[in-house]
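Notes follow once the structure below has been shown.
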Amino acid sequence: DAMVIQNPRYQVTQFGKPVTLSCSQTLNHNVMYWYQQKSSQAPKLLFHYYDKDFNNEADTPDNFQSRRPNTSFCFLDIRSPGLGDAAMYLCATSKALGIHENQPQHFGDGTRLSIL
Amino acid sequence: GQNIDQPTEMTATEGAIVQINCTYQTSGFNGLFWYQQHAGEAPTFLSYNVLDGLEEKGRFSSFLSRSKGYSYLLLKELQMKDSASYLCAVRGWGKFQFGAGTQVVVTP
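If you read the protein sequences in the order shown, they are chains A and B. The first sequence: position 65 = 61 (my numbering), numbered continuously. Whatever position you read off the second sequence (first residue = 1), add 40 for my numbering.
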């Protein structure tokens, strides 16, 4: 029944070693989002895709990149992880960006990233 | 600038009522959402307001005043499983801006 699936649930990587987190969805939603959430903080939007259109937040570090090869999959690439990048990474989807629609985001269970 | 404020923590006893307030200043407004997030888990959708007034869904109700930039989530008949963080999120021009969450602790 899982609709937004993130793999793996827990990821450990070494300082500076590239890492990729994956997200897939069975909802056929147009929009996919990546958030970074640190303990007791708000989820922070990194970027989102509307179909193939990529939208980067102004304060997202260049170290973070994303790919969306098709509607179902979206990847978060961290090129050179630093200790400050240890966090929960949440993928979410929504049907549209349109207004006047009750369209909540649907979240995956997240990937908790640790940096050694 | 964009800002969403909500209290850090609230404690209430089982069976009681708790009201979590959220104030916001955002660029554009296309709806306010409340999410529940248990520790180590993903946020799950609770409620949505786009017009002023009260929306009721079982034990949970949410209120919105757009002119005041204010919302609250009301949790009634609290249960132990309601212990979680409650996130207020505002949708601006296609994007969701989240508050830091209010940790609700339900005691026996």
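Glycine included, C-beta positions come from ideal geometry on N, C-alpha and C. Since we're looking at a predicted model, the values are computed, not measured.
Check	Outcome
Short Cβ contact (7 Å threshold) for F73 (chain B) with P100 (chain A)	yes
Cβ distance (whole Å) where N24 (chain A) is taken to contact Y46 (chain A) below 8 Å	In fact, because the Cβ distance is near 14 Å, the residues do not count as touching under 8 Å.
Beta carbon of T142 (chain B) nearer than 7 Å to that of P83 (chain B)	no
Close Cβ partners of A129 (chain B) (< 6 Å) along its chain, the five nearest in sequence each way excluded	F73, F136, F138
Limits of the beta strand (DSSP E) - the one that L109 (chain A) falls within	107 to 111
M84 (chain A) in three-state terms, based on DSSP	strand
Presumed contact (8 Å Cβ cut-off) between L113 (chain B) and I60 (chain B), rounded CB distance	5 Å
Nonlocal neighbours in the same chain, by C-beta distance under 7 Å from D105 (chain A), ignoring five residues either side	Q2, R5
Own chain partners of T66 (chain B) with C-beta closer than 6 Å, once the 5 adjacent residues on each side are dropped	Q42, V130, G132, Q137
Chain B within 7 Å of D49 (chain A), Cβ atoms only	no
A124 (chain B) versus D45 (chain B): straight-line alpha-carbon distance, rounded	17 Å
L79 (chain A) to N52 (chain A) span [Cα, whole Å]	22 Å
Any chain B beta carbon closer than 7 Å to F60 (chain A)	no
Neighbourhood of M(-1) (chain A) by C-beta distance below 7 Å, restricted to the same chain and skipping five residues each side	Q21, T22, L23, H102
Segments of 4+ residues assigned as alpha helix (DSSP H) that fall wholly inside the stretch 8 to 54 of chain A	none
Neighbour list for E117 (chain B) in chain A, Cβ cutoff strictly below 8 Å	Result: empty, since nearest Cβ-Cβ is about 24 Å, beyond 8 Å.
Proximity below 7 Å, CB of L17 (chain A) to CB of L72 (chain A)	yes
Cβ neighbour criterion (16 or more within 10 Å) applied to Q33 (chain A)	buried
CA nearest to the CA of N89 (chain B), picked from B:S111, B:R99, B:G98	B:S111
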